[in-house]
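**Q** Take a look at the following structure, please.
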Amino acid sequence: MLHVAVEIPYWGQSLLRVLGGIAAVLLPAGTIVYLFLFKMMSFMQSRLGPMEAGPFGSMQLFAEVGKWLQKEDIIPENADERIYKMAPIIVLVSTFLLVVVVPFGPDAWFTNFSAGVFYALAIGSVSVIGILVAGWSSANKYSLLGGLRAAGQLIAYELPMVLAVVGVVIQAGSMNLQDIVVAQNTGSIFGWDGIGFPFVITQFLGFLIFMIAVQAELTQVPFDMPIAESELVSGYMTEYSGFRFLIFFIGEFATAGVFAFIASVLFLGGWGVPFAWFGWDSLDQVDNWMNIGGPLIMLTKMMVLTGIIMWVRFSYPRFREDQLQRFAWKVLIPLSLANIAVTAIVKVAI
Amino acid sequence: MPKVPGLVKGLGVTMGTLFRTVKEGADTVQYPHAKEAPPVRARGVIALREDNCTACMLCARSCPDWCIYIEGHKQLAPPRRAGGKPRQVNHLDRFDIDYALCMYCGICVEVCPFDALFWSPEYEYSEPKIADLLHDKTKLGEWMETVPEAPELEAGAEKKK
Amino acid sequence: MVERLRADLGDDVLDVHLMSEVDVWVRVSVDAWRRAGQALRDQGFDYFCFLSAIDWMPSPYGRGEDDPSAEPAEDDPSASEIRQGYAGGESRFQLLARVNDIRRHVAVTLKADLVPDADGVMTAPSWIAVHAGANWHERETHEMFGIHFDGHPDLRNMYLPGDFEGFPLRKDFPLLARMVKPWPGIVDVEPMPAAADGGDES
Amino acid sequence: MTMLSERQQLSYIAAQAADARLNVELETEGMTLNIGPQHPATHGTLRIIARLDGEQVVWAEPVAGYMHRGYEKLTEVRTYPQVTALINRIDWLGSFANEVPFILAAEQLMEVEAPPRAQHIRTILFELSRIANVSLFLGDLGVQMGAVTPVFMAFRDREYVLNLIEGATGGRFHPNFDRIGGLKDDLPKGWIDETRQVMKKLRNFCDEIEDLLFGNEIFQSRTRGIGVIPAEVAKEYGLSGANLRASGVDWDLRRDQKLPLAYDKVDFRVWTHPDGDSWARCWIRLQEVREATKIVDQLIETIPAGPVMAKVPRIIKVPEGEAWVSTENPLGEMGYYVVSKGDLGPFRVKIRSASFNNISITPWVLKGVYVPDIITILASLYFILGDIDR
Chain A
38 MLHVAVEIPY WGQSLLRVLG GIAAVLLPAG TIVYLFLFKM MSFMQSRLGP MEAGPFGSMQ
98 LFAEVGKWLQ KEDIIPENAD ERIYKMAPII VLVSTFLLVV VVPFGPDAWF TNFSAGVFYA
158 LAIGSVSVIG ILVAGWSSAN KYSLLGGLRA AGQLIAYELP MVLAVVGVVI QAGSMNLQDI
218 VVAQNTGSIF GWDGIGFPFV ITQFLGFLIF MIAVQAELTQ VPFDMPIAES ELVSGYMTEY
278 SGFRFLIFFI GEFATAGVFA FIASVLFLGG WGVPFAWFGW DSLDQVDNWM NIGGPLIMLT
338 KMMVLTGIIM WVRFSYPRFR EDQLQRFAWK VLIPLSLANI AVTAIVKVAI
Chain B
63 MPKVPGLVKG LGVTMGTLFR TVKEGADTVQ YPHAKEAPPV RARGVIALRE DNCTACMLCA
123 RSCPDWCIYI EGHKQLAPPR RAGGKPRQVN HLDRFDIDYA LCMYCGICVE VCPFDALFWS
183 PEYEYSEPKI ADLLHDKTKL GEWMETVPEA PELEAGAEKK K
Chain C
17 MVERLRADLG DDVLDVHLMS EVDVWVRVSV DAWRRAGQAL RDQGFDYFCF LSAIDWMPSP
77 YGRGEDDPSA EPAEDDPSAS EIRQGYAGGE SRFQLLARVN DIRRHVAVTL KADLVPDADG
137 VMTAPSWIAV HAGANWHERE THEMFGIHFD GHPDLRNMYL PGDFEGFPLR KDFPLLARMV
197 KPWPGIVDVE PMPAAADGGD ES
Chain D
432 MTMLSERQQL SYIAAQAADA RLNVELETEG MTLNIGPQHP ATHGTLRIIA RLDGEQVVWA
492 EPVAGYMHRG YEKLTEVRTY PQVTALINRI DWLGSFANEV PFILAAEQLM EVEAPPRAQH
552 IRTILFELSR IANVSLFLGD LGVQMGAVTP VFMAFRDREY VLNLIEGATG GRFHPNFDRI
612 GGLKDDLPKG WIDETRQVMK KLRNFCDEIE DLLFGNEIFQ SRTRGIGVIP AEVAKEYGLS
672 GANLRASGVD WDLRRDQKLP LAYDKVDFRV WTHPDGDSWA RCWIRLQEVR EATKIVDQLI
732 ETIPAGPVMA KVPRIIKVPE GEAWVSTENP LGEMGYYVVS KGDLGPFRVK IRSASFNNIS
792 ITPWVLKGVY VPDIITILAS LYFILGDIDR
């Protein structure tokens, strides 16, 4: 195998990372919207979806963006203007900050935190502030109800999410996401290393809880009480229009993509292929081409996970606010605690 | 057999529909490129056969919305039989239907005793200006081309007198 | 059934109209309106169907399809005569209500004459205590006919704006849509200029 | 099933009582939420004023009238054929069903009866309009609770029914096909075969909806034990149709009334449910669509031959008298009290529409529920704005 050693200067690396970051946020958002929101949903409803803009309507998203950019940026009279304008930015920025810790290849990472998991979970909840602020500053009762519901829900589901990840952290013995990827791909199942050792096998319960919590964090059906377009008229987004609504919209799907990235890193082996296939033993031996191949693998896994998220979204009705709180506190949290306990006992025993 | 939870079944329904759409095509029609043919009896637009109209005002009177406007004058027509007296007939000057008011009930077509009004299933005549929806007698006459034959009736039906 | 109602209400049952296999109409006096409802309810007529009113005066406007060129109709006394329907009556306005017995599959239509007092206000006892569902029906009747219901908690307008004047379903309330536009059914066929003598037939 | 739902009801009520007590102790401030008139959940323009305590409704009051068209006044200036064209705009989703009781009332006054073939076809179209109406309800139910897919399935399959109605009558939404003394026209050739196919599709649609929505545990938890209406209250408010049967009252005008329609020639079941909650109302409607497809299937096989129009004069004058006829419409009992004075048009028509009574119960039933439940309860009561405001 040819080992290409390319030395990229530091400024070049920085530039690549910035561009990569933007791509890592916008690309998933775009593909999710087109592939799932436009096409999969339409096909599930026996229709074709947008077909006019571009071949098979593939340029529809650009048409939509163009439409939103043309629209007037309306600010309600009684709104708290500065905060009102800030809210969508907070939501989007939190997405950008979140993607920072996700590794896409042996060297294709943005930052290599040693406490990456911790950081990701902390930053992930910043968007709550954006949503709450949006709901409050809109000076609209529906928005307020939506914002309050969102705050309650996101806090409630933050907890099972954190607890579900703890199992992975225990098993990998590290909070660094890169280490977690390596641990999965160098692992073996009872000596057989054909597929490495993705944590989804041992941590299936954790994976399930994590995905449910992600669904709730993203306020997708069945946990979309804060948006609930048929009763709260889109909740905290009610008053937003034009450009700011677009940011919320991108933020929603970009966050879905980024959470799917994180889930694939934590449970599905991330960017890696099982190292045994190529006889690698550790991260240092991984070939350089994985820096190109890794992101593609990640993208595939991300698409599968978001596909499931969207599939559920198009099929289910939504929970009531008190029901979803009850579900989080009475079902998910005890389950994830039990998961941690079992994982810890098994880990210590082995 | 254990009961399949409803949550899983629901996912199955949507996925099944997705595959069916991929395999058999969508149930929708891409409108300007492809069109569905409305049934023969569809009440799309009213066509007028001007020669048959005698300006008897029956349709205008039976219209619940008062959307038919008729004006006419009397004139002499050549006699039916050679050597007969010239007949006095009502000649139609104006026959307007205001489609902005019309509620497509079809009473006018039904009451017409001289078979001057017909339904056509044509539906593409929307206008940017509401005033253009007032169709005059030439425009109503043009719709005559689109009037289909009356359909055959289902078994057991009695022929109309 | 009618016999029992007579026994319950005594002289307040004013008239009964029975059509076999079709329906029963009972006219009671307005003071006994609530008692009649209660008595029927006790008999098993516990399904409330509707409550409304009728203005028996013929409309002075007709159907708005007047031909101004036609000669005005002679002042036919019968045209403005008030004729009540089944079960008779004495006043211009009548209350109308219907209750069902869904076990025996029978129903009664109740009527009551309404007599305006000195201020021209007609009052009837409310049925809310008997059938809670009468609430909206009474509001509607109040709005449309101007009949006051005693004991109704709020007789706000149901459909029309709060400051609407007049009572639309009274016959002397003109229907504006038929007033603002001439009837297009007026014969508009010009006679032949030459044959002016016989041109009016059309 | 009943046991479970009773327990759920009890726990729900207890939880609400506890919440209310807590709120009193904390002296929280109320908020008035104005739902509508333009709101995605009020298909049409119904406005609901709800005083909230947190997410709980303390007091709610629907405000109708944004679509009042004054039909009772308008009928007074129209002739009988014109009224038919007008009244199928009352409940615009099941419009053929609106014409039938009025025509029957007029026929009763004129003492004519439609020939058997006309009665048969009338009943078929009546049931088709029920299917068209209620299948949309089933889809709409999903949208009210956040599921986007059922409504598209409903629109997809309702389209077949509308095509049938249009094929026979010429109008998709406003057939205006019923005449005093019979029908305007006979069925076109090939219609019966098409109907047979469509009924199969509709039963398939019912199964799909059942799997997708009714079987869904989330849907069940949203509807079971919510908005319970006991039979006594339902009768007092004059609820009708599926809403009444969901409260356990076995009352269906198709079966319990002698009318010149073909219902006595078919075998169908009237479903009731003992619970009276939102779930029961939705479930009854699902079964009714299935039942309706079976009725249509039976009827299209047995259409008698003959004319579709009785002998009636060309200019219809209805003799003096009063008549009340009501039928079991998709939304519930729809009746017309027709007063005639021997004129070309009716003297007075009192329209008893189902939704008016069905919605008048909302102040009672919305007390103490949560905001999301307002939507599910309204959806399950199923109203059409034109049917409330008339």
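First to last, the protein sequences are chains A, B, C and D.
When the letters of the first sequence are read in order and numbered with our numbering, they come out as residues 38 to 387.
When the letters of the second sequence are read in order and numbered with our numbering, they come out as residues 63 to 223.
When the letters of the third sequence are read in order and numbered with our numbering, they come out as residues 17 to 218.
When the letters of the fourth sequence are read in order and numbered with our numbering, they come out as residues 432 to 821.
A virtual CB, placed ideally from N, CA and C, is assigned to each residue, including glycine.
One question on the structure: do E503/D and I782/D come within less than 7 Å of each other, judged by their Cβ atoms?
**A** Against a cut-off of 7 Å, the Cβ pair of I782/D and E503/D comes out as a contact.
**Q** What's the call for Y229/B, buried or exposed, on a 16-neighbour Cβ count within 10 Å?
**A** Outside the modelled stretch of chain B, which goes from 63 to 223, sits residue 229/B, for which no answer is possible.
**Q** Given that F73/A touches chain D, what residues does it touch there, using C-beta distances under 9 Å?
**A** Those do not exist, as F73/A stays about 13 Å from chain D at its closest Cβ, beyond 9 Å.
**Q** Am I right that E109/A and G279/A are in contact with their C-beta atoms under 8 Å? What's the rounded C-beta distance?
**A** At roughly 6 Å, the Cβ-Cβ gap stays under 8 Å, so E109/A and G279/A are in contact.
**Q** Check the Cβ-Cβ distances between P744/D and every residue of chain B, and say whether any is below 7 Å.
**A** Answer no: the Cβ-Cβ gap between P744/D and chain B never drops below 7 Å.
**Q** Looking only at DSSP bridge pairs, what is P177/C linked to?
**A** Paired residue(s): none; P177/C is not in a bridge.
**Q** DSSP has V124/C in a bridge; who is on the other side?
**A** DSSP, once it has assigned bridges, lists V115/C as partnering V124/C.
**Q** For M77/B, is the beta carbon positioned less than 6 Å from some heavy atom of the ligand MN?
**A** This structure lacks the ligand MN; in fact it carries no ligand of any kind.
**Q** Using a Cβ-Cβ cut-off of 7 Å, state whether F351/A counts as contacting chain B.
**A** Output row for F351/A: interface = yes.
**Q** Which residue comes first and which comes last in the beta strand (DSSP E) that contains Q362/A?
**A** Premise fails: Q362/A lies in the alpha helix (DSSP H), E358 to R363, not in any beta strand (DSSP E).
**Q** For Y93/B, is the classification buried or exposed, using 16 other Cβ atoms within 10 angstroms of its Cβ as the cut-off for buried?
**A** Exposed, since its Cβ has fewer than 16 Cβ neighbours within 10 Å.
**Q** G621/D: buried (16+ other C-beta within 10 angstroms of its C-beta) or exposed?
**A** Under this definition G621/D is an exposed residue.
**Q** Determine the burial state of Q397/D: buried for a count of at least 16 other Cβ atoms within 10 Å of its Cβ, exposed for fewer.
**A** Residue 397/D lies beyond the stretch modelled for chain D, which goes from 432 to 821, so this question has no answer here.
**Q** So, for R156/B: in the same chain, excluding its five sequence neighbours on each side, which residues have a beta-carbon less than 8 Å away from its beta-carbon?
**A** The answer, listed in chain order, is Y131, I132, E133, G134, D198 and K199.
**Q** May I ask you to report which of helix, strand or coil DSSP gives C65/C?
**A** C65/C: strand per DSSP, three-state reduction.
**Q** Can you give the beta carbon distance from P581/D to I640/D, rounded, assuming they're within the 8 Å contact cut?
**A** Right, the Cβ-Cβ distance comes to about 6 Å (below 8 Å), so this counts as a contact.
**Q** When the cut-off is 7 Å and only beta carbons count, does G763/D lie next to chain C?
**A** Output row for G763/D: interface = no.
**Q** Helix, strand or coil: how does DSSP classify E667/D here?
**A** Of the three classes helix, strand and coil, the one that applies to E667/D here is helix, per DSSP.
**Q** Consider the Cβ of Q575/D: report whether some Cβ of chain A lies at a distance smaller than 7 Å.
**A** For Q575/D, the answer is yes, since a Cβ of chain A falls inside 7 Å of its Cβ.
**Q** Kindly give me the distance between the Cβ atoms of I596/D and F527/D, rounded to whole angstroms, as I take these residues to be in contact under 8 Å.
**A** Rounded, the Cβ-Cβ distance is 7 Å, consistent with contact.
**Q** Go through the stretch 733 to 808 of chain D residue by residue and report every complete run of the beta strand (DSSP E) that reaches 3 residues or more, in order.
**A** Within the stretch 733 to 808 of chain D, the complete beta strand (DSSP E) runs of at least 3 residues are 752 to 760, 763 to 771 and 779 to 783.
**Q** Closest to A140/C by CA distance: which of V40/C, V44/C and M174/C is it?
**A** With distances taken between Cα atoms, A140/C lies closest to V44/C.
**Q** Check V494/D in the structure and name its three-state DSSP category.
**A** Looking at V494/D - three-state DSSP - the assignment turns out to be strand.
**Q** Is it buried or exposed, P389/D, if we count other Cβ atoms within 10 angstroms and call 16 or more buried?
**A** With chain D running from 432 to 821 in the structure shown, residue 389/D is simply not present.
**Q** Please list the terminal residues of the continuous alpha helix (DSSP H) segment that includes V242/C.
**A** Outside the shown range of chain C (17 to 218) lies residue 242/C, about which nothing can therefore be said.
**Q** Taking CB distances under 7 Å as the criterion, tell me whether R355/A reaches chain D.
**A** Yes, R355/A counts as interfacial toward chain D.
**Q** I want to know whether the stretch 744 to 753 of chain D touches the stretch 708 to 724 of chain D - three or more CB-CB distances under 8 Å.
**A** Cβ pair count under 8 Å is below three, so no.
**Q** For the stretch 634 to 650 of chain D, which residues have a CB atom closer than 7 Å to at least one CB atom of chain B, in sequence order?
**A** Those residues of the stretch 634 to 650 of chain D that come within reach of chain B (Cβ to Cβ, closer than 7 Å) are E639, D642, L643, G646, N647 and E648.
**Q** Can you find a C-beta in chain C that's less than 7 Å from the C-beta of V701/D?
**A** V701/D does not count as touching chain C.
**Q** I need the boundaries of the alpha helix (DSSP H) containing P125/A, first residue and last residue.
**A** Element bounds for P125/A: E118 to V136.
**Q** Using a Cβ-Cβ distance cut-off of 7 Å, determine whether S267/A contacts chain D.
**A** Yes, its Cβ sits closer than 7 Å to a Cβ of chain D.
**Q** So who's on the other strand from T337/A, going by DSSP bridges?
**A** Paired residues: none, contrary to the question.
**Q** Any residues in the stretch 470 to 494 of chain D with a beta carbon nearer than 8 Å to a beta carbon of chain A? Which ones, in chain order?
**A** Going along the stretch 470 to 494 of chain D in chain order, one finds H470, P471, A472 and E486 with a Cβ nearer than 8 Å to chain A.
**Q** Is there a C-beta anywhere in chain D that falls below 7 Å from the one on K76/A?
**A** No, its Cβ sits nowhere closer than 7 Å to a Cβ of chain D.
**Q** Please state whether DSSP places D484/D in a helix, a strand or coil.
**A** Of the three classes helix, strand and coil, the one that applies to D484/D here is strand, per DSSP.
**Q** Please tell me whether G72/B has its Cβ less than 7 Å away from any Cβ of chain A.
**A** Yes, contact with chain A.
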